[in-house]
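Residue 52 is where the sequence shown starts when you use the working numbering, and the numbers rise one by one after that.
Reading through the C-alpha cells given below for one structure.
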Amino acid sequence: MKTSREKLRALEEAKDLAFAQARRTLKMHAHHLIKSMEDQTEKILDELWQMHCEDMEELTALIESDEECGEEEVLLKACALRSIVRFVPRQTDPQVGSLQRCYLTEDFSQVRKSTHHHSEVDLRQSVLHINHLRKTPSTISLRTQLKSLSSSNPDLSQAQTLIQKIAKPGKKVCRSLSNIIFRKRRDSLLQRQHSQSFSEFQTDSSQLMITQPEAWTPKLTPSQRHPLPNTYDIQLLPNGELLCATKDSILQLKDGRLHTFTANVFARGLTLTKDGFVLFSDQLQTNIQAFTRGGSRSCCFASGYFTQPCKIAANSEDIFAVIDSTGCYLYNPMTGQKDNLNITAHSIAFDDQDKLYATDFAANLVHVFSKEGQTLTPIRAQAPRCVCCHNNSVFIVIDTTLAVYSTAGDFIRSLLTLTEAPSAISINSQRLALLVRDELLLYDVT
Numbered sequence: 052m053k054t055s056r057e058k059l060r061a062l063e064e065a066k067d068l069a070f071a072q073a074r075r076t077l078k079m080h081a082h083h084l085i086k087s088m089e090d091q092t093e094k095i096l097d098e099l100w101q102m103h104c105e106d107m108e109e110l111t112a113l114i115e116s117d118e119e120c121g122e123e124e125v126l127l128k129a130c131a132l133r134s135i136v137r138f139v140p141r142q143t144d145p146q147v148g149s150l151q152r153c154y155l156t157e158d159f160s161q162v163r164k165s166t167h168h169h170s171e172v173d174l175r176q177s178v179l180h181i182n183h184l185r186k187t188p189s190t191i192s193l194r195t196q197l198k199s200l201s202s203s204n205p206d207l208s209q210a211q212t213l214i215q216k217i218a219k220p221g222k223k224v225c226r227s228l229s230n231i232i233f234r235k236r237r238d239s240l241l242q243r244q245h246s247q248s249f250s251e252f253q254t255d256s257s258q259l260m261i262t263q264p265e266a267w268t269p270k271l272t273p274s275q276r277h278p279l280p281n282t283y284d285i286q287l288l289p290n291g292e293l294l295c296a297t298k299d300s301i302l303q304l305k306d307g308r309l310h311t312f313t314a315n316v317f318a319r320g321l322t323l324t325k326d327g328f329v330l331f332s333d334q335l336q337t338n339i340q341a342f343t344r345g346g347s348r349s350c351c352f353a354s355g356y357f358t359q360p361c362k363i364a365a366n367s368e369d370i371f372a373v374i375d376s377t378g379c380y381l382y383n384p385m386t387g388q389k390d391n392l393n394i395t396a397h398s399i400a401f402d403d404q405d406k407l408y409a410t411d412f413a414a415n416l417v418h419v420f421s422k423e424g425q426t427l428t429p430i431r432a433q434a435p436r437c438v439c440c441h442n443n444s445v446f447i448v449i450d451t452t453l454a455v456y457s458t459a460g461d462f463i464r465s466l467l468t469l470t471e472a473p474s475a476i477s478i479n480s481q482r483l484a485l486l487v488r489d490e491l492l493l494y495d496v497t
C-alpha cells in the first residue's frame, strides 16, 4: 500500500505530465495559428501589390497626355481616377453628358497648393468641382465630346478616357497620390482582416451580449414659425439652416429669412448624403438631382426609373430609398439596381445603422428593413404619418403626437402633441422642424 509521501509524489508527477502535455498542445496550436496568420498576411500583401500596380498604371496613363495644365488641375484629375465616383450614370442612361459634373466635393480653395503637402490631402476632399476647369479650352472640348457621346450610349470607359485627357500630371504628384491610395486601401484591408480573424474565435455567439445604443430624447423649446405654402418636404442642414421642397423651387431658410436655393424644379422629397450632397426628387423630370450645399448643381440620375418620385432617403453607403406613385424601392445609383420593397409607404428614413423605416398609415405600421433590405420586426403605431432618425433614436409622428422610439423598436416617450398632424419632419442636434399644413414650426433642441 502506498504511503502518503508516495501518493503526493505520484500526484506531483501526474501534474507535471499534464502541464507538459498542455504546453505541447498550446505550442502546436500557436504554431498553426502563426502559420495561418503568415499565409493571410501574404495574401493581403499580394492584394495590396496588385492594387498598387493598378493605381500606378492608371496614374501613369495621365502622364502620357500632351496637354499642359496647372498643379491644381493635375491633382483634380489624378484623384478623380481612384476616388469613389458617386452618382455616375449607367451605361444605358442618357445622362452620360453629365459625367463631367460628377467629380466634386468642397470649395476649390480648400486644397493645399504646396507640392510637398499633396501627400496629406484626403482623397475625398481632393476631388474638386469640375466647374473650376470649365473655362479652359481643353474642358470645353471635352464637354463637347461627352455631349456627342451621350446620344450613342457609349461604354463609360470611353467617357473616362476623355476625362483623363484634361491634365498632364507630374510624376511627383502621381507618386504622392498613389501613396495615399495605397495607405487607405491597406488600412481598409487590415481592418477587414482583423474583423474576420476576430469572428473566427467566436465559438458561441449566443453567449455574446448585444447592447443597443441608448436612445436620444431631446428637450424641445418653441423657436420660430414661418408660412410655407405649397411645401412638400423639409430637410435640416448640419449648420442649422433648412431646405424646403416646393412645386417650383427649393427654398433655404437662412438667418430667419427665406432665400431661393434653386429654381425651376418640382421637388417632392429632400435628403442629405453622408458627404453633404443635397438630393431631391424632381417630378417634372422624373429623376433624382444632386446639389452641393452651396446650391451648385452636381448631376442627375435615375431618369425613367421612377414614376412621379416623391420621398427620398440615403444611407451611409449612398443607397437610396425612393417612394413613387407605384411603391417604395431601394436604388443603387452605382449599379442601377432597383429593388421593390413591396410596401405602401408615406415617409422613409435611415438610422445610424442604415436600417430603413417606412411609415404605413393604413396598416398602422412602421416597416423596418435591414441594411441588406431584409424585413425586420415592424413598429406598431396608430396612424403613423412621418418618420426621421437621429442619434440612435427614431422619431415618429403618430397622428398629432411626436414620439421617440429606440432603434430596437421600443417606445421611449412622447415629445409633444400638436393640434394638427405634421406632414414632414426633420431633426438634428440643434433643431427640430415640423411642417404642419402651410406652416413651418421650428424648435430648439437641448
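For every residue, glycine included, the Cβ atom is placed at its ideal position computed from N, Cα and C.
As the structure is a prediction and not an experimental result, all values here were calculated from the model.
_For Leu469 and Thr386, what's the separation of their Cα atoms in angstroms?_
If you take the alpha carbons of Leu469 and Thr386, they lie about 43 Å apart.
*Limits of the unbroken beta strand (DSSP E) element including Gly387*: Run containing Gly387: none; DSSP gives neither H nor E here.
*Does the distance from the C-beta atom of Thr272 to that of Tyr283 stay below 9 Å?*
no
_Distance check for Ile463 and Gly291, CA to CA, integer angstroms please._
25 Å
*DSSP state of Thr268, grouped into three classes?*
Three-state result, Thr268: coil.
_Same chain only: Cβ atoms within 8 Å of Arg79, ignoring 5 sequence neighbours per side_ = According to the sequence displayed, residue 79 carries Met and not Arg. So the list is empty, once near-sequence residues are dropped.
*Compute the beta-carbon to beta-carbon distance between Ala396 and Asp375, rounded to the nearest angstrom, for a pair I have assumed lies under 8 Å.*
Not a contact, Cβ separation roughly 10 Å.
*If I'm right that Ser480 touches Cys437 with Cβ under 8 Å, what's the distance once you round it to whole angstroms?*
Their Cβ separation, rounded to whole angstroms, is 20 Å, which puts Ser480 and Cys437 out of contact at 8 Å.
*Would the beta-carbon of Leu491 fall within 9 Å of that of Leu293?*
yes
*Please classify Gln286: does DSSP put it in a helix, a strand, or coil?*
If DSSP states are grouped into helix, strand and coil, Gln286 belongs with the strands.
*Sheet register partners of Leu453 (DSSP bridge)*: Val448 and Leu467.
*Can you pull the DSSP bridge partners for Gln275?*
Leu493, per the DSSP bridge assignment.
_Exposure of Leu150, with buried meaning 16 or more beta-carbon neighbours within 10 Å_ = At Leu150 the pLDDT is 31, less than 50, meaning the model places this residue with poor confidence; the figure from the coordinates comes in the next sentence. Per the 10 Å Cβ criterion, buried.
*Nearest-angstrom Cα distance between Glu64 and Thr76?*
Their backbone Cα atoms lie some 18 Å apart in a straight line.
*Can you pull the DSSP bridge partners for Leu407?*
Beta-bridge pairing by DSSP links Leu407 to Phe401 and Phe420.
*Using beta-carbon positions only, say whether Ala266 and Ser444 come within less than 9 Å of one another.*
yes
*From what residue to what residue does the beta strand (DSSP E) around Asn443 run?*
Careful: Asn443 lies outside any beta strand (DSSP E) and carries neither H nor E.
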